[in-house]
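A.B. asks: So that we are looking at the same thing, I have put the structure below in structure tokens.
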Amino acid sequence: MTAPSSPPTTWPTKPRPRVSILIGAILAIAFTVYSARQVDMRFSTFADVWTNPLWEKFWPIPWEWVFDRRNVINPLIETFQIAIISTVIGCSIALPVSFAMSRLTTPNSVTYYSSRVVMNIVRAIPDLFWAKLLVTAVGVGAFAGSWALSIFSLAVMVKLFSEDIDGADPRPLEAAKAAGGRHIPSVATGVFPTVFPAYVSYSLYVFELNIRASLVLGLVGAGGVGRVIEAQRQFFRFGRILGILVIIFVVVVVLEQVSVAVRKRLV
Amino acid sequence: MAVSQPTPVETRPGRPLGPRIWRWVIAVVILVAAAWSVTGLNVSVDRLLNASGDAWNVIKRMWPPAFSIEIKRGVIGKVLQSIYIAWVGTVIGAILSLPLSFLAAGNVSPRLIRLPIRQVFNAIRSVPELIVAVILIAVTGLGPWAGALAIGLHSIGTLGKLSSEAIENIDAGPIEAVDAAGGRWISAMRWAVLPQVLPVVVSYWLFRFEINVRASAVLGLIGAGGIGSELVSQLNFRNFPEVGAVLFVTIVAVITIDLLSSALRRAIIQGGAGPDQSRSGEALEDLTGMSLA
Numbered sequence: 001m002t003a004p005s006s007p008p009t010t011w012p013t014k015p016r017p018r019v020s021i022l023i024g025a026i027l028a029i030a031f032t033v034y035s036a037r038q039v040d041m042r043f044s045t046f047a048d049v050w051t052n053p054l055w056e057k058f059w060p061i062p063w064e065w066v067f068d069r070r071n072v073i074n075p076l077i078e079t080f081q082i083a084i085i086s087t088v089i090g091c092s093i094a095l096p097v098s099f100a101m102s103r104l105t106t107p108n109s110v111t112y113y114s115s116r117v118v119m120n121i122v123r124a125i126p127d128l129f130w131a132k133l134l135v136t137a138v139g140v141g142a143f144a145g146s147w148a149l150s151i152f153s154l155a156v157m158v159k160l161f162s163e164d165i166d167g168a169d170p171r172p173l174e175a176a177k178a179a180g181g182r183h184i185p186s187v188a189t190g191v192f193p194t195v196f197p198a199y200v201s202y203s204l205y206v207f208e209l210n211i212r213a214s215l216v217l218g219l220v221g222a223g224g225v226g227r228v229i230e231a232q233r234q235f236f237r238f239g240r241i242l243g244i245l246v247i248i249f250v251v252v253v254v255l256e257q258v259s260v261a262v263r264k265r266l267v
Numbered sequence: 001m002a003v004s005q006p007t008p009v010e011t012r013p014g015r016p017l018g019p020r021i022w023r024w025v026i027a028v029v030i031l032v033a034a035a036w037s038v039t040g041l042n043v044s045v046d047r048l049l050n051a052s053g054d055a056w057n058v059i060k061r062m063w064p065p066a067f068s069i070e071i072k073r074g075v076i077g078k079v080l081q082s083i084y085i086a087w088v089g090t091v092i093g094a095i096l097s098l099p100l101s102f103l104a105a106g107n108v109s110p111r112l113i114r115l116p117i118r119q120v121f122n123a124i125r126s127v128p129e130l131i132v133a134v135i136l137i138a139v140t141g142l143g144p145w146a147g148a149l150a151i152g153l154h155s156i157g158t159l160g161k162l163s164s165e166a167i168e169n170i171d172a173g174p175i176e177a178v179d180a181a182g183g184r185w186i187s188a189m190r191w192a193v194l195p196q197v198l199p200v201v202v203s204y205w206l207f208r209f210e211i212n213v214r215a216s217a218v219l220g221l222i223g224a225g226g227i228g229s230e231l232v233s234q235l236n237f238r239n240f241p242e243v244g245a246v247l248f249v250t251i252v253a254v255i256t257i258d259l260l261s262s263a264l265r266r267a268i269i270q271g272g273a274g275p276d277q278s279r280s281g282e283a284l285e286d287l288t289g290m291s292l293a
């Protein structure tokens with residue numbers, strides 16, 4: 001009896017890296033090095049930053065100042081008000097615009113393309129650019145901020161929701177049209193009920209987004225708690241800023257939990 | 001055996017009352033909240049009516065945009081600087097978040113290491129990058145490097161969360177294979193996990209870059225350099241034609257980068273990419289830090 005001959009061991013050859021990936025990686029590294037020079041990157045920051053005497057100003061946190069109603073709580077309430085009103089305005093306007101922007105439900109191609117172009121341009125301008133522009137146009141304060149956030153949440157909402165409408169089942173709409181329905185009633189009965197839950201859940205997201213955005217609006221003069229941070233940083237009162245940060249942190253975390261709970265009930 | 005069916009009684013079910021009541025309650029709550037918010041904005045009817053006219057005036061005065069003046073002032077260089085800041089920030093976030101995301105993933109990391117790292121991610125994400133920048137600018141001095149650091153720090157939180165979730169969704173088979181062959185943990189990560197998640201993770205990096213371009217433009221508003229600082233200086237002098245040119249350049253840059261990046265992302269995840277719908281879901285998840293599910 002002969003021992004079974006062991007099969008010759010053949011190693012699979014190591015696959016060569018794809019040329020496109022190689023070129024991509026080299027380009028990415030080159031661009032990184034170039035950008036790092038352009039932004040004056042210096043590693044010494046990581047060493048120096050710890051010994052900076054300014055850190056001492058972060059401690060102690062003056063809690064009695066932070067919890068004084070006029071200092072932080074009132075601006076924080078203003079922040080919530082900005083977020084609420086801009087969510088309500090932005091999301092209400094977004095409802096008809098989204099239907100105009102979806103291939104499925106748009107009344108004609110002119111509305112489709114014009115709304116799409118306008119919304120893409122609106123979305124390409126960052127939210128705080130809007131805030132800064134509106135502060136210049138209508139004056140410093142929460143009014144400019146809520147206007148800016150209304151515009152921005154309209155743009156975000158429309159993008160999200162119109163894509164949902166695109167994905168909706170077209171058959172109820174066809175049925176309504178085939179039965180002789182006019183355009184708007186057909187959309188209202190054939191498409192709207194299927195996408196309404198998505199609309200509600202996106203609105204909640206937009207609200208959360210607006211809360212986060214409205215926290216920093218004040219840095220450009222558009223109202224809310226950011227105004228306090230801006231004022232305090234000019235006098236290097238970092239202890240106070242840290243106190244505000246703690247409160248913002250708590251607000252964001254609580255909001256996240258509430259929002260998760262609400263959405264679980266809804267969806 | 002045929003049982004004679006009782007003739008059905010012609011009764012229509014009434015519309016359920018519960019949902020209708022709820023609908024009204026919610027509508028009223030929203031209306032009350034909106035009304036309360038308006039009272040807090042300190043707007044007189046007068047100002048409300050004039051505002052749209054004022055805004056329209058500003059838009060009208062931006063036309064025609066003063067491109068030649070702005071190009072002489074180096075607007076192209078400034079928009080490029082914003083892009084450099086965003087890129088460096090993204091790279092910092094990517095490099096630091098990748099190892100951390102392995103340690104934060106539930107399937108490959110023990111509970112004791114995973115939970116604190118996740119808390120760090122959450123803490124970072126909950127502080128807006130603009131506020132991080134305010135503090136960093138105070139400590140490191142004005143300039144683009146502070147902006148890049150702020151963006152990088154914030155990106156660690158968001159990228160870490162998204163990447164660790166990608167790791168949690170992988171196929172466990174290759175990890176078992178490495179274990180069975182006697183491989184160490186680090187080998188399992190390198191040969192079983194990394195190849196599975198790398199395309200997804202790189203597409204997250206690119207996606208984050210798109211968001212960071214907007215963020216770095218905004219950081220200029222508070223003194224971190226780039227296109228935002230140009231916008232502020234022109235707005236403060238009310239040079240509206242120049243403002244129009246700055247806005248135009250910003251729009252072109254942002255849209256170009258969005259298009260390039262999304263084309264690249266689609267090329268990286270061939271076939272695996274979901275419809276656009278899930279991408280905007282990701283966008284929201286990234287911005288709000290909450291999952292759509």
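Listed in order, the protein sequences are those of chains A and B. Number 267 marks the last residue of the first sequence (the numbering used here); no jumps. Number 293 marks the last residue of the second sequence (the numbering used here); no jumps. For glycine and all other residues, C-beta sits at the position ideal for the given N, C-alpha and C. All values derive from a computational prediction rather than experimental measurement.
1. Flag this pair as yes or no: are the beta carbons of G224/A and S214/A separated by less than 8 Å?
2. How is D169/A classed by DSSP in three states: helix, strand or coil?
3. Within the 8 Å Cβ cut-off, does Q119/B reach chain A?
4. Could you pull the start and end residues of the alpha helix (DSSP H) that G152/B belongs to?
5. Which same chain residues end up closer than 7 Å to Y202/A when comparing Cβ atoms and leaving out the 5 residues on each side of it in sequence?
6. If you follow the alpha helix (DSSP H) that P241/B is in, where does it begin and where does it stop?
7. Could you give the DSSP three-state label for V127/B: helix, strand or coil?
8. Quick one: any contact between the stretch 142 to 149 of chain B and the stretch 218 to 229 of chain B, if contact means 3 or more CB pairs under 8 Å?
9. Nearest chain B C-beta to G282/A closer than 8 Å, yes or no?
10. Please state the DSSP three-state secondary structure of Q277/B.
11. Roughly how many whole angstroms lie between the Cα atoms of S52/B and R190/B?
12. Looking only at C-alpha atoms, which of I30/B, N57/B, V75/B and L264/B sits nearest to W205/B?
13. Applying a beta-carbon distance threshold of less than 8 Å, which residues of chain A neighbour P81/B?
14. How about W65/A and R240/A: do their beta carbons lie closer than 8 Å?
15. If you count every other CB in all the chains shown that lies within 10 Å of the CB of S68/B, and 16 or more means buried, which is it?
16. In this structure, does DSSP put R15/B in helix, strand or coil?
17. For Q257/A, count neighbouring C-beta atoms within 10 Å of its own C-beta (all shown protein chains included) and say buried if the count is 16 or more, exposed if not.
18. Please say whether K161/B and F121/B have beta carbons closer to each other than 8 Å?
19. Buried or exposed: where does Y205/A fall if 16 or more other Cβ atoms within 10 Å of its Cβ makes it buried?
20. Looking only at its own chain, which residues have a Cβ that is under 8 Å from the Cβ of L221/B, when we skip the five neighbours before and after it?
21. Using a Cβ cut-off of 7 Å, pull out every chain A residue sitting near S126/B, in sequence order please.
22. Taking the alpha-carbon positions, what's the V200/B to A66/B distance?
23. Output yes or no for whether 8 Å exceeds the beta carbon distance between E70/B and V218/B.
24. May I ask which residues mark the beginning and end of the alpha helix (DSSP H) holding A181/B?
25. Roughly how many angstroms separate the alpha carbons of L134/A and K177/A, rounded to a whole number?
26. Could you tell me which chain B residues have their CB closer than 9 Å to the CB of P197/A, listed as they occur along the chain?
27. Chain A partners of A55/B, CB-CB under 9 Å?
28. Taking 8 Å as the threshold (beta carbon to beta carbon), is L219/A in contact with chain B?
29. Taking Cβ-Cβ distances below 7 Å as the criterion, which residues of the stretch 201 to 218 of chain A are in contact with chain B?
30. Who are the neighbours of S35/A on chain B, taking C-beta pairs under 7 Å?
31. Can you tell which of P99/B, I151/B and I135/B has the C-alpha that lies nearest to the C-alpha of K57/A?
C.D. replies: With the structure as the only source:
1. In the first sequence, residue 224/A corresponds to position 224, counting from 1. In the first sequence, residue 214/A corresponds to position 214, counting from 1. Yes; because the gap between Cβ atoms is below 8 Å, this pair is in contact.
2. For the purposes of this step, residue 169/A is identified with residue 169 of the first sequence, where counting begins at 1. It is coil, neither helix nor strand.
3. The residue you call residue 119/B lines up with position 119 of the second sequence. False, the Cβ-Cβ gap to chain A never drops below 8 Å.
4. Along the second sequence, one-based indexing puts residue 152/B at 152. Where G152/B is concerned, the enclosing alpha helix (DSSP H) stretches over P144 to E168.
5. Locating residue 202/A in the first sequence gives position 202, where the first residue counts as 1. If you ignore the 5 residues before and after Y202/A, its C-beta comes within less than 7 Å of the C-beta of M157, L160 and F161, all in its own chain and listed in chain order.
6. Taking the second sequence and counting its residues from 1, the one referred to as residue 241/B is at position 241. It spans F240 to I268 - the alpha helix (DSSP H) in which P241/B sits, taken as one unbroken run.
7. Indexing the second sequence from 1 puts residue 127/B at position 127. The answer is coil: DSSP assigns V127/B none of H, G, I, E or B.
8. Contact between the stretch 142 to 149 of chain B and the stretch 218 to 229 of chain B is present, because at least three Cβ pairs lie under 8 Å.
9. Since the first residue of chain A shown is 1 and the last is 267, residue 282/A is not available in this structure.
10. If you number the second sequence from 1, residue 277/B lands on position 277. Residue placement at Q277/B is poorly supported in this model, since its pLDDT is 40, which falls under 50; the coordinates are not used for a value here.
11. By 1-based counting over the second sequence, the position of residue 52/B is 52. By 1-based counting over the second sequence, the position of residue 190/B is 190. Approximately 58 Å between the Cα atoms of the pair.
12. Taking the first residue of the second sequence as 1, we reach residue 205/B at position 205. Checking every option, the nearest Cα to that of W205/B belongs to L264/B.
13. To locate residue 81/B, count along the second sequence from 1; it is residue 81. Residue identity check: residue 81/B is Gln in the sequence provided, not Pro. Simply Q38 and V39.
14. Within the first sequence, numbered from 1, the residue matching residue 65/A stands at position 65. Within the first sequence, numbered from 1, the residue matching residue 240/A stands at position 240. Between W65/A and R240/A, the gap from beta carbon to beta carbon is short of 8 Å.
15. Residue mapping note: residue 68/B aligns to position 68 of the second sequence, counting from 1. Under a 10 Å Cβ-count criterion, S68/B is classified as exposed, with fewer than 16 other Cβ atoms of the shown protein chains found around its own Cβ.
16. Here residue 15/B refers to the residue found at position 15 when the second sequence is read from its first residue. Correct three-state label for R15/B: coil.
17. Here residue 257/A is taken as the residue at index 257 of the first sequence, counted from 1. Q257/A comes out exposed.
18. On the second sequence, residue 121/B is found 121 positions in, with the first residue counted as 1. On the second sequence, residue 161/B is found 161 positions in, with the first residue counted as 1. Taking 8 Å as the Cβ cut-off, F121/B and K161/B qualify as a contacting pair.
19. Start at 1 with the first residue of the first sequence, and residue 205/A comes out as number 205. Around the beta carbon of Y205/A, a 10 Å sphere encloses 16 or more other beta carbons of the protein chains shown; the residue is thus reported as buried.
20. To locate residue 221/B, count along the second sequence from 1; it is residue 221. Beyond the five residues adjoining it in sequence on each side, L221/B comes within less than 8 Å, by CB distance, of G228, S229, L231 and V232 in the same chain, given in chain order.
21. Within the second sequence, numbered from 1, the residue matching residue 126/B stands at position 126. Here the neighbours are F249, V252 and V253.
22. As a working note, residue 200/B is residue 200 in the second sequence. As a working note, residue 66/B is residue 66 in the second sequence. For V200/B and A66/B, the distance between alpha carbons rounds to 42 Å.
23. For the purposes of this step, residue 70/B is identified with residue 70 of the second sequence, where counting begins at 1. For the purposes of this step, residue 218/B is identified with residue 218 of the second sequence, where counting begins at 1. The answer is no: Cβ separation not under 8 Å.
24. The residue you call residue 181/B lines up with position 181 of the second sequence. Counting along the chain, A181/B falls outside any alpha helix (DSSP H), and DSSP gives it neither H nor E.
25. Taking the first residue of the first sequence as 1, we reach residue 134/A at position 134. Taking the first residue of the first sequence as 1, we reach residue 177/A at position 177. If I take the Cα positions, the gap works out to 43 Å.
26. Against the first sequence, residue 197/A aligns to sequence position 197. In chain order: nothing, as chain B lies at least about 12 Å away.
27. In the second sequence, counting from the first residue as 1, residue 55/B sits at position 55. Those are L133, L134, A137, V138 and W147, listed as they occur along chain A.
28. Counting from 1 along the first sequence, the entry for residue 219/A is found at position 219. Residue contact with chain B for L219/A: present (Cβ-Cβ distance below 8 Å to some residue of chain B).
29. The stretch 201 to 218 of chain A vs chain B, Cβ under 7 Å: Y205, E208, L209, R212, L215 and V216.
30. Translated into positions along the first sequence, residue 35/A becomes position 35. From the beta-carbon of S35/A, the residues of chain B found nearer than 7 Å are Y84, W87 and V88.
31. Residue 57/A sits at position 57 when you count from the first residue of the first sequence. When each option's Cα is compared against that of K57/A, the closest is I135/B.
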